[in-house]
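Inspection log for the structure reproduced underneath, given as structure tokens.
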């Protein structure tokens with residue numbers, strides 16, 4: 003009910019505070035708890051999908067790339083179906099999947115090529131939605147560059 007929602011909102015906010023204080027382990031644990039509780043209540047609710055996105059951020063920060071990728075792959079089809087391809091959460095998850103691959107030191111050349119392809123498509127989409135000078139377009143452009151650098155230097 004309303005009490006559970008207030009508690010989940012407070013826990014989400016506390017996770018943000020923990021993160022800002024450098025207490026990343028505590029932030030990750032809380033984000034995981036909030037996501038799991040929200041997912042049990044309603045896996046398609048905006049708050050659940052937003053909690054999934056926050057948890058993915060924490061997982062990537064902790065170099066837990068496999069779990070981040072699994073959560074993105076579980077969540078992205080739901081987000082696309084509920085909100086469409088141009089929604090903020092959709093675009094964020096579409097960015098985080100290749101981001102988790104480019105940052106992963108164990109990513110294969112095949113993984114990196116796939117991530118680069120996803121990023122190039124995302125770059126076209128973000129340009130179309132936001133225009134070429136938007137900061138989100140620059141983020142995607144920079145990650146394309148990072149993917150290119152890894153493909154050139156590591157293999």
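Numbering (the working numbering), first residue to last: 3 to 157.
Ideal Cβ placement from N, Cα and C applies to all residues, glycine included.
Around the beta-carbon of residue 71, 16 or more other beta-carbon atoms lie within 10 Å, marking it buried. Per DSSP, the continuous alpha helix (DSSP H) segment holding residue 4 begins and ends at 4-22. With fewer than 16 other Cβ atoms inside 10 Å of its own Cβ, residue 38 counts as exposed. In the structure shown, residue 136 falls within a coil segment according to DSSP collapsed to helix, strand and coil. Around the beta carbon of residue 20, a 10 Å sphere encloses 16 or more other beta carbons of the protein chains shown; the residue is thus reported as buried. Using a Cβ-Cβ distance cut-off of 8 Å, the segment 90-106 and the segment 122-137 are in contact, since at least three pairs of beta carbons, one from each stretch, lie closer than that value. A residue is called buried once 16 or more other Cβ atoms fall within 10 Å of its Cβ, and residue 113 is buried on that count.
Exclusion of the five residues before and after residue 132 leaves 138, 139 as the residues of its chain whose Cβ lies within less than 8 Å of its Cβ.
In the three-state scheme derived from DSSP, where H, G and I count as helix and E and B as strand, residue 25 is classed as coil.
In the displayed model, residue 106 falls within coil according to three-state DSSP, outside both helix and strand. A straight line joining the alpha-carbon of residue 8 with that of residue 151 spans about 45 Å. With a 10 Å radius around the Cβ and a threshold of 16 neighbouring Cβ atoms, residue 46 comes out exposed. The shortest CA-to-CA distance from residue 153 to any of 134, 142, 103, 135 is the one to 103.
DSSP, read as helix, strand or coil, puts residue 37 in helix. The beta carbons of residue 73 and residue 93 sit about 16 Å from each other, so the pair does not count as a contact at 8 Å.
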